[in-house]
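Contents: one structure, followed by commentary.
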Amino acid sequence: MTDLFEKSIQTLELPRVLGLLADQAVTEEGKERCRALRPLTDADDVQRRLAETSAALSMLVLRGTPSLSGVKPVAAALQRADMGGALNTRELLDIAALLRCARSARDYATGEGNQKTCIDHLFASLTANRFLEDKISGSILGEDEIADAASPELADIRRHIRASASKVRDILQKLISSSQAKYLQESIITMRSGRYVVPVKAEHKNDVPGLVHDVSGSGGTFFIEPMGVVKTNNELRELQAREEKEIERILRELSADCAGHKEDIIQDYDLLVMLDVIFARAKLSTRMDASEPRLGRGGIELKKARHPLLDPAKAVANDLRLGEGFDTLVITGPNTGGKTVTLKTIGLLTLMAQCGLHIPVADDSRVMVFDHVLADIGDEQSIAQNLSTFSSHMVNIVGILGQCGPGTLILFDELGAGTDPVEGAALAAAIIESARERGALVAATTHYAELKVYAMTTRGVENASCEFDVETLAPTYKLLIGVPGKSNAFAISRRLGLPQAIIDKAAERIDAENVRFEDVLTQLDRQRQEMEREKDAARKLRREMEDSARTAREYRERLEKEKAKAVEKAQAEARAIIQEARDTADQVFAELNDMRRRQEKEASWQEQNDRRAGLRRRLNEAEDAIGGGREDLPPPPPTRPAAAGDTVELVKMGTRATVLSVNRDGGLQLQAGILKITARQSEVRVVEGEAQKTQKEAQRFVQRAEHKLRSLGTSPEVDLRGMMTDEAIGVLDQFLDSAVMGKLTQVTVIHGKGTGAVRKAVREHLRRSRYVKTFRPGRYGEGEDGVTVVELK
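This is the structure we're talking about:
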C-alpha cells in the first residue's frame, strides 16, 4: 500500500470507523486487528469478507454472540512450557479459559436447527480439549489455591498437615489454660516464621521453656515456641515443604500437558480472535443499520447512502452514482452545502466495503473494488514547508496523477482553488481530463462556473449539485445528480438586506453570457422542483393503489374462504338429512316385514288395520322431518325476487341453496350442496343477511380457535421421577399430546436412572408412538441416561 493511499485513508477518516469497530471486539488482540484492518484490492477476498460479516450477522440475530470474554494471549506461556518451564496458576487458568471458550463456541455453532454458513469451518476447526480443560480447572481453584483433588499425594499431605496443626493448637491451648497462662501477654495462639507460638511477657521469658522466634517492637513481648510443640511444629514444616514440592510437580505436569497440545491451543486462540473480529463487524453493522453491498465492475451505485460518522438522526441520505454512464462527477454548490461530506461519503464507504464492513446504504447498492482510492481533501497549507494552499494541493495532485490508472478512484475537493479563477478553472479541467485518460473514476467539487459548462458539454462528465434553500438561507444537503449548482450570491444578499441598487450594480458587471447561463440554471432548478413534486405525488398515488389492491385481494380471499366453509356446511347438512331419511326408511321396512310375519300368524283384520294406520302415521312424520308434508303449513311471508348470488330457501323442501343464475323467463338455477336444482320464483324465498351471518360465524370460529391456540402453553420437558410405570406412561401420553398441539419439535423426558424400569417403559412407549420421529439418551451435560431427548414429527 503506497504512502499516498495510506494518506488518503487517513484523510477519509477510515481509522475513526475502525476505532468504532474495535469497540465492538471483546479480545485485546481482536481490537488490535480491527484497528489494523486495511482495504483489500482483490474482489474475491472482499466478497469473502463481506459474506463472513453477513453470516455472523444472521447468527447474531438468531442466537446472540458467542462467549469470547475468556480469550487471552497464551502463546508466550506455551512456548516456555514447550521448553520445559513450569507455568504459574494464572497462566494455566488462562489456558483453561481459552479451551472453555473454544468448546462453548463450537457448541454455539452446532446447536439444533442451525443453518449452514460460510464461517462454519472456523467453528469446526476448534479442537476444544475438554480433558485438559477439566484437568486444569479441577486442579486449580484460584490463582492462589490448588485443589486437594489435584493429586492423591497432595490430598494425603494436606490431611496430615491439618492433623498436625490441630495437635499443635491443642497443646498450646492446654498451656494457655494452665497455670502458665499468667506468664502470657495475651491468651492467644499466633504464628511467627511459619511456626505456632505464644506471646510471653518479657520478664517471664525464662519461665516458659522454648525457642524465641520474634520480639515485639517495644521489647515487652517475646514470641516463644514452647518445647512441647517443637517436634510437632517440625513435622508440620516438613509436611508444608512436601506440599510445596507436590504443588510444583503438579504445575510442571499440567504445563507439560499444555505443551503437548501447544499447536492446537494456539490454533484455537487464532480462530477465536478471528471470530471475534468477524462478529465485531456484524455488531457494527447492526449499530450503523448497515447492509451488505453488491460487488460490480461498472462503478459505484449507492442508494440512500449516509456518512457513517454523522448522527444517523440528522444525516441526509443521498443516492450516489459514478461509473455507470459517466466516469466523472463534478459537484457544485455553496459553502457548507455538503459537497465535501458527499465526496468523503463516496470514498469512505468504498474503503469500508473493501475492508469487509457493511455500509450504511439501502439494499441493492453496489460498489466497485479499486486498487487505489486517492483523495485530495481539506486545507493542505504547510507553514513548515513554506507552501501555500494551492501549492500543497498541487503537490498532492501531482502524486495522484503519477499513481492513478484503471481501477483508481480519485476525489478532488475544490479543484483549482487558491489561485486566479480563470487559470484555476482551466487547470482543473485539464487535471480531470488527464485523470480520465488514465482510466480513473473522478469525483470533484468546485465553485467555478467554467467547470459546470465543461461538465455539460463533455461526454462522460456529469454535473451534480448540493441543493440550497434560498428562503431559509440553509443548505438541504441533498445531492442532485444531473443538475449543475447555481450561484445564490445575489439571492442570499437580497434576503440578508443588501440594497437592491447595489445588487443591480453588481449584476451590470456580469457579462451577458454568465447572466444567460444563470437564468438557464434557474429555469432548470424550477423545472426540477416541479418534477420532484409530481414524482412525489405519483409515488403517493401508486402507494395508495397498491394498498387498495392489497385490501381487495385480502377481502376476496376472505370471501373465498367463507364461501368454501358455507358450501362445506351445506354439504354436511344435506348428508345428515339424507342419512336420517335412510335410517327412517330402514326402520319402516323392518316394521313392514314384522307386520307381514304377524299377519301370517294372526287372523284379526282390525289389528291389521290399526297397525297400517300407525305405520302410515310414522311415514308422514318421517316425511315431515326431511322436508315433506309442507303443503298444509301456512305460506311464508313474501320476499323480493331472488337474484344471482342470493341465498334462498326452497319452500316445499325447507332446504337452503345459492342462486347461480336467473333465466329470462324468471326461472332460477340453484346450487344446494352438491346438487343443482331448477326452480321458479314462487317456489323460493330470499333469506336476507345470510352472508353476513355466515361471515360473522366464521370470524367468531377463527377468533375462538386462535384464542385456544394462544392459550396452549407447553413445557419442553416432563419429569416422571418417582412415578410407577403405568402412571408415568399416562402422564407421558398427555405431555406428548400437549407438545404436538404446541408445535414443539424437541422435548425432554426426565425419568431418572434408578432401577431402569421407568426408563425402559418410556422408551418402549416412545418407539410405538405415532408422534415420535426419533429419540436418544441425553448427552453429557443433558442428564445422560437419566433423560431421553425426543424429536417429534
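Every letter in the sequence shown is one number past the one before it in full-length UniProt numbering, and letter 710, counting from 1, is 710.
Think of the CB as a built atom: it goes at the ideal place given N, C-alpha and C, for glycine as much as any other residue.
Check, Outcome
"Of the listed residues T117, T745, K753, A305, nearest to L62 (C-alpha basis)", "T117"
"Per DSSP, the bridge partner or partners of L141", "Answer is none; L141 lacks a bridge partner."
"Length of the line joining the Cα atoms of Q354 and E292", "11 Å"
"First through last residue of the beta strand (DSSP E) which encompasses F223", "221-226"
"Where T328 falls, given that 16 or more other Cβ within 10 Å makes a residue buried", "buried"
"Element boundaries [alpha helix (DSSP H), containing Y269]", "262-288"
"K167 vs T127 beta-carbon contact at 7 Å", "no"
"Buried or exposed (CB count within 10 angstroms, at least 16 for buried), P499", "exposed"
"Backbone CA spacing between A75 and E253 [nearest angstrom]", "18 Å"
"Start and end residues, beta strand (DSSP E) containing P484", "Neither: P484 is in no beta strand (DSSP E) and is coded neither H nor E."
"Outcome for G722 when other beta-carbon atoms lying within 10 angstroms are tallied against a minimum of 16", "exposed"
"Assigned exposure category for R366 - 16 Cβ within 10 Å defines buried", "buried"
"Simplified DSSP assignment, three categories, for S465", "strand"
"Whether L343 touches T445 by CB criterion (7 Å)", "yes"
"Where L667 falls, given that 16 or more other Cβ within 10 Å makes a residue buried", "The sequence shown places Gly at residue 667, rather than the Leu named in the question. Exposed: under 16 other Cβ atoms inside 10 Å."
"Unbroken beta strand (DSSP E) run spanning K303, endpoints", "300-305"
"Helix, strand or coil at E292 according to DSSP, with G and I counted as helix", "coil"
"Neighbourhood of D156 by C-beta, 6 Å cutoff - its chain only, sequence neighbours within 5 removed", "none"
"For K478 and K283, the rounded distance between their alpha carbons", "29 Å"
"Same chain only: Cβ atoms within 7 Å of Q385, ignoring 5 sequence neighbours per side", "Any reading at Q385 needs caution, since the residue's pLDDT is 43, under 50, leaving its predicted position unreliable; the model's value is listed next. Hits under 7 Å: none found."
"For L78, the nearest candidate out of I300, A259, L559 (CA to CA)", "A259"
"Backbone CA spacing between R287 and D45 [nearest angstrom]", "24 Å"
"Residues near Y448 by beta carbon distance below 6 Å, same chain, minus five either side", "A425"
"The alpha helix (DSSP H) enclosing F123, as first and last residue numbers", "120-124"
"Nearest to A56 (by Cα), restricted to the options E225, E784, Q115", "Q115"
"Collapsed DSSP secondary structure at M368 in the structure displayed", "strand"
"A581 versus Q571 - alpha carbon distance", "15 Å"
"I383, DSSP secondary structure in three states", "Per-residue confidence for I383 stands at a pLDDT of 38, beneath the threshold of 50, marking its modelled position as unreliable; the derived number appears in the next sentence. If DSSP states are grouped into helix, strand and coil, I383 belongs with coil."
"Helix, strand or coil at S391 according to DSSP, with G and I counted as helix", "helix"
"Beta carbon proximity, Y780 to chain C, threshold 7 Å", "In summary, chain C is missing from the structure at hand, where a single protein chain is found."
"Contact check, P209 vs M227, beta carbons under 7 Å", "yes"
"C-alpha distance - residue 807 paired with A440, whole-angstrom precision", "Absent from the structure is residue 807, since the part of the chain shown begins at 1 and ends at 793."
"Close-in-space but distant-in-sequence residues of the same chain around L295 (CB under 7 Å, 5 per side omitted)", "A43, V46, Q47, V367, V369"
"Opening and closing residue of the beta strand (DSSP E) in which Q746 lies", "746-750"
"8 Å contact criterion, which E462 and I431 should meet: CB distance rounded", "Actually they are not in contact, since the Cβ atoms of E462 and I431 sit about 17 Å apart, beyond 8 Å."
"Straight-line Cα distance separating T584 from V687", "29 Å"
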